[in-house]
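J.: Pasting in a structure now, in structure tokens, and then I'll have a few things to ask.
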Amino acid sequence: MNRLLFIIFLLLTFGAEAQIFRPNQQVAPDESTLAIQYYQEGDYEKAVVLLEKLYAIPNNDAYFDIYFNTLLKLKRYDVAEKVVKREIKKNQQNELYSIALGKLYQEKGDVQAAGKIFNEVISKLPKEEFRIRNLANNFYRFENYDFAVQTFKQGRKLLGNDQAFVFELLNIYRFKKDKPMLMQEYLDAMATMPQLLPQAEAVLSSVFEDKNDYETFQAAILKKIQKEPDAEIYIQLLTWNYIQQQEFDMALRQLIAFDKRTKADGGTLFNAIYTFVDNGAYETAIKAYDYLLTKGKDNPYYLPSKIEMLNTRYNLRTSGKYTTADLDLLAKDYESLLEENGKNRNTLFAIKKLANLQAYYLNQPAKAEKELEEAIKMPGINDTELGQLKLDLGDIYILTNQPWEAFLVYEQVSKQFEGQPVGNEARFRSAKLSFYQGNFEYSNGQCLVLKAATSQLIANDALNLSLLISDNIQTPADSNALKMYADAEMLLFRNLPEKAVKKMDSIAIAYPQNSLADAIMMSKARIFIKANDFQKAADILKKVTEEFKDGIWTDDALFTLGDLYEKKLNDITQAKIYFQKLITDYPGSMFSAEARKRFRNLRGDGV
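Residue numbers (this note's numbering): 3 to 609.
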């Protein structure tokens, strides 16, 4: 139902209710519904017969809109003109009927006569916000959006308020897809309404179609900055605009220039760096932290910047391709931080990152084991932190060939935190350990318990592992193929992706009839994602969605595709396609709620 018809429907609903109890009524109660049905179906000849009858009833003005519109559809302009002029005589103070007459002239092709009527109505506007809004709504009602805009702009002049009717104008520009005016309205409004920034970012990203749109907006923002160089909101908007184009260094340049010009403490820049990190622009983030460190140790962002720079370098060095030499330097930086600040709760993050480097990247699991065993004994750590430390230690026990110790740690944490996220995570890690060892029945039993976990991610992972086991232990050959896959997953756990891929590729040779193809493809996709080879990952995930429509990994693949296209491949159109496919084809998926949220956000709903 379009906007006009929706308004008509509401009017008719109230109008019909009002006239049901009129004693002299000669119309059956269901004729109103039937008239609307004919109108919706485009059967205007049948609709007009009923509507003429309904409209003829005294005080049934609610039927004017749909009756008038039906006459226009049938090109019965003479009848429509008589109807509307009669209403103008009866209701000289109601601009609605004058606008309807102008609409009639528009339909007849007499644009000059229509414009004369519209401009005359606008020129008579009083200095009253309600009357201004009402007139604009009447223009909107008859799909005269340009004159609705003109009304609001005239209203601003009358009221002497350039910020009046901001939201109404934004809605009209967005509905019309008038990008230049939408940009300008946001820019003009945000000087006094900075809270509009998140809405502007969401709406503009949903209507911008290519780089030209962002470049046009960039030029408009720069003009604003020239006039108001100290307005932080425009720097934030320009930063966002550069980030949308993946021009992270340009965004940083603007932020540093603003920080220097305003002699700020670096707070705006520090907060913006998280956006660089979220977008994988680690090198730019490191440059930003380097700049903040030049402000000296007395600056409030000195220590936070030092810590976050280390974490960013960790993300950079452990993603994509890296060298042992780079990781050695990073480990030494963490060691220096711990020497300078001591090992305590405040530096727990550094202890964990250092242990992770040692265990999974530098082939020093024994050192990592020692670090975490010492950390567990530190005073001041709360129960949840202690539980998480024990889980990390359990993982490292697997690397140091102490699976029984790992199992005991997992069991201890799962019992201590029964039903809590940390406890569920411990139980799942125990299930994964049993899976690596080929103890499929025990692993499946643990997963079945976790299917009801409050954590959606854990419940989904447990369900997938349970289904994987159940589907692949029907015959000895199936079980043997699954054991090879478990070995490959263990290699991935040890951060040995090349060996893992070789093991996966050998499964089809040893067991040609195995049913693990989709699971193997998902594992390979995750390997490519970790290596920052996002397009290869997307290509594999597409095959999963196309070749295994009823597979256990298909909804997972669709969600991951949507996420990749939104955050890594910068293709919002494709992201929406995959999120929508997940919502439509797999409504029972645990990913569907999040996919719906992400889809609506990308479409710009609710902003």
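By construction, the Cβ of each residue, glycine as well, lies at the ideal position given by its N, Cα and C atoms.
1) Using 10 angstroms around the beta-carbon of I378, count the other beta-carbons present and answer buried if the total reaches 16, otherwise exposed.
2) What's the C-alpha gap between D330 and L364?
3) DSSP on S338, reduced to helix/strand/coil?
4) Over the uninterrupted alpha helix (DSSP H) stretch that includes M183, give me the two end residues.
5) Are three or more beta carbon pairs between the stretch 440-447 and the stretch 400-419 nearer than 8 angstroms?
6) Which value, in whole angstroms, describes the spacing of the CA atoms of M192 and A233?
7) With a CB to CB cut of under 6 angstroms and the five nearest residues on each side skipped, what residues in its chain are close to Y303?
8) Rounded to whole angstroms, how far is the Cβ of K583 from the Cβ of L560, which I believe are closer than 8 angstroms?
9) What residue does the alpha helix (DSSP H) around D148 start on, and which one ends it?
10) State the CB to CB distance for the pair Y336 and L312, rounded to an integer number of angstroms; the pair is presumed to be in contact (CB under 8 angstroms).
11) Within 10 angstroms of its Cβ, does L224 collect 16 or more other Cβ (buried), or is it exposed?
12) Reducing DSSP to helix, strand and coil, say where R143 ends up.
13) Quick check for students: name the residue ranges of the alpha helix (DSSP H) that lie wholly in the stretch 378-415, counting only runs of 4 or more.
14) By DSSP, does M1 sit in helix, in strand, or in coil?
15) Leaving aside the five residues before and after K538 along the sequence, list all residues of the same chain whose C-beta is less than 7 angstroms from its C-beta, in chain order.
16) Can you look up K453 in the DSSP assignment and give me helix, strand or coil?
17) Roughly how many angstroms lie between the CA atoms of D63 and K155, to the nearest whole one?
18) Are the stretch 103-110 and the stretch 29-45 in contact at 8 angstroms, needing three or more beta carbon pairs?
19) For N96, which of helix, strand or coil comes out of DSSP?
20) Assuming the contact rule is C-beta atoms closer than 8 angstroms, A102 and V86 should be a hit. Round their C-beta distance to whole Å, please.
21) Based on Cα-Cα distance, which residue from I475, I383, S416 lies nearest to I393?
22) Please confirm if the stretch 278-288 is in contact with the stretch 313-328, defined as three or more CB-CB distances below 8 angstroms between the two stretches.
23) Mind reading off the beta-carbon distance from R674 to V209? Whole number of angstroms is fine, and I expect it under 8 angstroms.
24) According to DSSP, simplified to helix, strand and coil, what is P613?
25) Quick one: measure Cβ to Cβ for V411 and L395, integer angstroms, because I've assumed they're closer than 8 angstroms.
26) Could you check what DSSP says for Q165 in three-state terms: helix, strand or coil?
27) So within the stretch 551-582, which uninterrupted alpha helix (DSSP H) runs reach at least 4 residues, ignoring any that extend past its ends?
28) Is the beta carbon of P2 sitting closer than 8 angstroms to the one on I235?
29) Just the C-alpha distance for F219 and M185, rounded to the nearest angstrom, thanks.
30) Work out the CA separation of T547 and N136 for me, nearest whole Å.
31) Return the chain-ordered list of same chain residues with a C-beta closer than 6 angstroms to the C-beta of F66, the five sequence neighbours on each side being excluded.
32) Can you round the beta-carbon distance between Y69 and L53 to whole angstroms, since I take them to be within the 8 angstroms contact cut?
33) Per the contact definition of three or more C-beta pairs closer than 8 angstroms, is the stretch 464-476 in contact with the stretch 445-454?
34) Can you tell which of F437, N572, A521, A274 has its C-alpha closest to the C-alpha of F550?
35) Within 8 angstroms, do at least three Cβ pairs link the stretch 497-516 to the stretch 476-488?
36) If you measure between the beta carbons of R528 and L401, is that distance less than 8 angstroms?
T.: Reading off the structure:
1) On the sequence shown, residue 378 is found 376 positions in, with the first residue counted as 1. Counting Cβ neighbours within 10 Å, I378 comes out exposed, since fewer than 16 surround it.
2) The sequence position of residue 330 within the sequence shown is 328, counting from 1. The sequence position of residue 364 within the sequence shown is 362, counting from 1. In this structure, the alpha-carbon of D330 lies about 8 angstroms from that of L364.
3) Locating residue 338 in the sequence shown gives position 336, where the first residue counts as 1. In the structure shown, S338 falls within a helical segment according to DSSP collapsed to helix, strand and coil.
4) Taking the sequence shown and counting its residues from 1, the one referred to as residue 183 is at position 181. Unbroken alpha helix (DSSP H) run through M183: 181-192.
5) For the pair of segments examined, the stretch 440-447 was found not to touch the stretch 400-419: the number of CB pairs separated by less than 8 angstroms stays below three.
6) Locating residue 192 in the sequence shown gives position 190, counting from the first residue. Locating residue 233 in the sequence shown gives position 231, counting from the first residue. When the Cα atoms are used, M192 and A233 turn out to be separated by approximately 10 angstroms.
7) The sequence position of residue 303 within the sequence shown is 301, counting from 1. Cβ within range, chain order: G268, F272, L294.
8) On the sequence shown, position 581 is the one that residue 583 refers to. On the sequence shown, position 558 is the one that residue 560 refers to. 6 angstroms between Cβ atoms; contact.
9) Looking up residue 148 in the sequence shown gives position 146. For D148, the uninterrupted alpha helix (DSSP H) run begins and ends at 147-161, by DSSP.
10) Walking along the sequence shown from the start, residue 336 turns up at place 334. Walking along the sequence shown from the start, residue 312 turns up at place 310. Going by Cβ atoms, the distance from Y336 to L312 rounds to 6 angstroms, so yes, they are a contact pair.
11) Counting from 1 along the sequence shown, the entry for residue 224 is found at position 222. Under this definition L224 is an exposed residue.
12) As a working mapping, residue 143 is identified with position 141 in the sequence shown. In the three-state DSSP reduction, R143 falls in the helix class (H, G or I).
13) Within the stretch 378-415, the complete alpha helix (DSSP H) runs of at least 4 residues are 385-401.
14) Past the edges of the chain, shown from 3 to 609, lies residue 1, and the structure says nothing about it.
15) Residue 538 sits at position 536 when you count from the first residue of the sequence shown. Closer than 7 angstroms at Cβ, skipping near neighbours: F530.
16) Counted from its first residue, the sequence shown places residue 453 at position 451. Here DSSP, grouped into helix, strand and coil, assigns K453 to coil.
17) Position 61 of the sequence shown, counted from the first residue, corresponds to residue 63. Position 153 of the sequence shown, counted from the first residue, corresponds to residue 155. Each residue's Cα considered, the two are about 30 angstroms apart.
18) Between the stretch 103-110 and the stretch 29-45, the count of C-beta pairs closer than 8 angstroms stays below three; the two stretches do not touch.
19) As a working note, residue 96 is residue 94 in the sequence shown. The answer is coil: DSSP assigns N96 none of H, G, I, E or B.
20) Residue 102 sits at position 100 when you count from the first residue of the sequence shown. Residue 86 sits at position 84 when you count from the first residue of the sequence shown. At roughly 5 angstroms, the Cβ-Cβ gap stays under 8 angstroms, so A102 and V86 are in contact.
21) Here residue 393 is taken as the residue at index 391 of the sequence shown, counted from 1. The sequence given here places Leu at residue 393; Ile does not occur at that position. Comparing Cα positions, the closest option is S416.
22) Because the criterion of three Cβ pairs below 8 angstroms is met, the stretch 278-288 and the stretch 313-328 touch.
23) No answer is possible for residue 674: the residues shown for the chain start at 3 and end at 609.
24) Here the chain has residues from 3 to 609 only, and residue 613 is not among them.
25) Stepping through the sequence shown from its first residue, residue 411 is reached at position 409. Stepping through the sequence shown from its first residue, residue 395 is reached at position 393. The C-beta distance from V411 to L395 rounds to 6 angstroms, short enough to fall under 8 angstroms.
26) The sequence position of residue 165 within the sequence shown is 163, counting from 1. Looking at Q165 - three-state DSSP - the assignment turns out to be coil, as it is neither helix nor strand.
27) Those alpha helix (DSSP H) runs which fall completely within the stretch 551-582 and span 4+ residues are 556-569.
28) Not covered by the structure: residue 2. The range shown for the chain is 3 to 609.
29) Indexing the sequence shown from 1 puts residue 219 at position 217. Indexing the sequence shown from 1 puts residue 185 at position 183. A direct Cα-Cα distance of roughly 7 angstroms separates F219 from M185.
30) Here residue 136 is taken as the residue at index 134 of the sequence shown, counted from 1. Here residue 547 is taken as the residue at index 545 of the sequence shown, counted from 1. The straight-line gap from Cα to Cα measures roughly 51 angstroms.
31) Position 64 of the sequence shown, counting from 1, holds the residue named residue 66. The answer is none, since no qualifying residue turns up.
32) As a first step, residue 69 is located in the sequence shown; it is residue number 67 there, counting from the start. As a first step, residue 53 is located in the sequence shown; it is residue number 51 there, counting from the start. The Cβ separation is near 4 angstroms, so the contact holds.
33) The stretch 464-476 and the stretch 445-454 touch, with three or more beta-carbon pairs separated by less than 8 angstroms.
34) On the sequence shown, residue 550 is found 548 positions in, with the first residue counted as 1. The shortest C-alpha separation from F550 is found at A521.
35) Because the criterion of three Cβ pairs below 8 angstroms is met, the stretch 476-488 and the stretch 497-516 touch.
36) What you label residue 528 is simply residue 526 of the sequence shown in a count that begins at 1. What you label residue 401 is simply residue 399 of the sequence shown in a count that begins at 1. When the beta-carbon positions are compared, R528 and L401 stay at least 8 angstroms from each other.
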